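Residue numbers (the working numbering): 194 to 702. Scroll down for the structure; my scribbles are underneath it.
Spelled out as structure tokens, the structure:
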């Protein structure tokens with residue numbers, strides 16, 4: 194590690210004063226000269242600590258409503274001068290520019306202002322100019338200058354200066370510079386995206402929160418989650434979520450979003466697909482019927498409900514080994530029971546708006562698309578057969594269609610009385626998906642007579658409706674759109690099957 198360099202002077206100018214006091218006191222204790230302006234200057238003075246006004250240094254007041262405070266050669270010269278370069282040292286002596294060894298600054302809360310729904314003029318005023326310039330200047334000159342670009346660095350900086358008489362190493366200064374460019378690039382990305390609104394086809398995203406996972410999809414792969422899980426969930430109990438857990442949790446949350454306003458509904462997922470789903474009068478009955486859909490696959494699954502988990506539901510869940518349980522709330526007694534398994538993860542899902550854009554890395558680039566936010570209701574359906582679906586069948590068709598949207602393609606979903614009987618998932622042919630679903634339903638002793646079938650894409654041939662008819666299925670929902678739609682329609686008419694078109698394909702790859 195390099196030799197430590199003593200801090201002689203500091204420029205401090207922050208929007209948020211929280212946590213700043215101990216740093217100011219530590220710097221003052223070690224004899225550091227402080228420069229500041231505006232509210233930060235007043236904050237330091239309230240601590241009875243002497244502070245030099247930036248206005249006195251520059252001989253210019255803060256102007257343009259505070260837009261210009263620190264943008265002056267006597268400030269930036271003090272930051273950017275290279276201590277080892279004689280020419281720089283001669284110039285700062287000529288112009289009487291004091292060296293500045295540390296810059297503590299933060300940025301106007303642009304991101305929060307946008308999120309608050311503020312008007313355009315207010316948002317523009319939160320585009321920081323002086324702060325971002327100070328960050329870049331100090332970070333560029335990390336050989337000699339320490340940059341503290343946000344409150345996130347306060348703790349580590351305070352530890353360093355308290356333990357080392359306000360002296361830092363080159364390695365420490367470089368690490369703070371890295372943090373600074375992370376802060377500035379994140380800030381600029383959000384400003385660009387606010388102005389862009391999808392008009393320029395570029396990929397710019399920035400997430401500063403990151404959590405290293407135990408491993409990735411497999412133990413030999415490194416895994417990291419970039420994001421803020423605490424904004425979506427309150428974790429009440431259990432081990433840390435794994436990479437695969439997070440994929441399943443994401444699938445579960447997106448599936449249940451289709452049922453948020455429905456009667457009590459419970460889903461069980463495994464490898465991103467639902468193996469059980471039911472809507473009932475009570476959550477406990479919904480869970481029981483979801484489990485009945487595939488009690489084998491439910492082992493080690495992800496469970497999610499759209500209602501508060503009560504004791505009756507918890508008692509059933511507790512007899513099953515499952516990785517994660519998600520609900521909007523838990524009754525106290527139910528929570529205590531579910532906590533009896535130390536590794537079981539218990540999450541409360543908060544009411545948040547999920548992103549409407551999706552990204553996926555492929556080859557040497559990234560695919561980007563709108564999230565599939567469409568979900569059909571009864572009035573969207575177009576009846577295409579002589580036999581019309583009954584009210585009960587329409588209800589089941591819509592139920593099955595929601596699930597088909599969230600199941601890996603090619604998929605066929607079979608449902609009856611708002612219960613998943615079986616699905617064929619991720620098959621290379623729609624016929625194979627249907628046969629898989631039928632085999633699975635029959636293996637769990639479900640009677641398919643009077644059940645309905647949902648397909649995520651159209652039928653190019655009548656083979657699927659023929660197989661479905663022979664299994665006892667009486668109503669079908671599909672997007673339509675094949676040049677050979679009429680072949681399937683004709684078969685349904687000949688065999689008294691009701692078929693409706695949803696008009697929207699729901700592939701999921």
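For every residue, glycine included, the Cβ atom is placed at its ideal position computed from N, Cα and C. Since the structure is predicted, the reported quantities are computational estimates derived from the model, not experimental observations.
Less than 8 angstroms divides the Cβ of residue 507 from the Cβ of residue 527.
The distance from the Cβ of residue 495 to that of residue 424 is about 20 angstroms, inconsistent with a contact at the 8 angstroms cut-off. Residue range 466 to 472 is occupied by the beta strand (DSSP E) that includes residue 466. Remark: three or more beta-carbon pairs, one from each stretch, lie closer than 8 angstroms, so the stretch 587 to 603 and the stretch 567 to 575 are flagged as touching. Counted as a single uninterrupted DSSP element, the beta strand (DSSP E) harbouring residue 563 occupies residues 558 to 563. Ranking 390, 303, 279 and 268 by CA distance to the CA of residue 331 puts 268 first. Beta-bridge pairing by DSSP links residue 552 to 561. Take residue 242, set aside five residues on each side of it, and the residues of its chain with a beta-carbon closer than 8 angstroms to its own are 217, 218, 221 and 227, in chain order. Approximately 5 angstroms separates the beta-carbon atoms of residue 693 and residue 576; this is inside 8 angstroms, confirming the contact. Within the stretch 198 to 283, the alpha helix (DSSP H) runs of at least 4 residues that lie entirely inside it are, in chain order, 214 to 222, 231 to 239, 247 to 251 and 266 to 273. Residue 608 is bridged by DSSP to 613 and 645. The continuous beta strand (DSSP E) containing residue 458 extends over residues 458 to 463.
For residue 676, the secondary structure class from DSSP, reduced to helix, strand or coil, is coil. For residue 692, the enclosing beta strand (DSSP E) begins and ends at 691 to 694. In the displayed model, residue 339 falls within a strand according to three-state DSSP. By DSSP's assignment, residue 662 forms no beta bridge with any residue. Residue burial is scored here from C-beta neighbours: residue 257 has fewer than 16 other C-beta atoms within 10 angstroms and is therefore classed as exposed.
Look at residue 398 here: in three-state DSSP terms it is coil, with no helix or strand label.
When the five nearest sequence neighbours on each side are left out, the beta carbons in the same chain lying within less than 8 angstroms of the beta carbon of residue 402 are those of 419, 420 and 421, in order along the chain.
Shown here, residue 446 sits in a helix according to DSSP, grouped into three states. The residue among 546, 545, 544 and 561 with its C-alpha nearest the C-alpha of residue 552 is 561. For the set 313, 674, 620 and 450, the Cα lying nearest the Cα of residue 388 is the one of 313. By alpha-carbon distance to residue 247, the top candidate from 285, 286, 275 and 290 is 290. When the beta-carbon positions are compared, residue 627 and residue 670 stay at least 8 angstroms from each other.
When DSSP reads this structure, residue 418 sits in a beta bridge with 404. The straight-line gap separating the alpha-carbon atoms of residue 543 and residue 519 is approximately 10 angstroms.
Inter-segment contact for the stretch 278 to 286 and the stretch 358 to 375 is absent: fewer than three beta-carbon pairs are separated by less than 8 angstroms. Per DSSP, the continuous beta strand (DSSP E) segment holding residue 668 begins and ends at 668 to 671. Closest by C-alpha distance to residue 499, out of 696, 478, 319 and 265, is 478. Per the coordinates, the alpha-carbon of residue 476 lies some 14 angstroms from the alpha-carbon of residue 469.
Pairing residue 341 with residue 572, the inter-Cα distance amounts to about 58 angstroms.
If you look at residue 426, you'll find it in the beta strand (DSSP E) that goes 426 to 430. If you check the CB distance, residue 574 and residue 645 do not come in under 8 angstroms.
Here the C-alpha atom of residue 203 lies approximately 6 angstroms from the C-alpha atom of residue 294. Per DSSP, the unbroken alpha helix (DSSP H) holding residue 591 starts and ends at 584 to 598. Looking from the CA of residue 650, the closest CA among 301, 377 and 604 belongs to 604.
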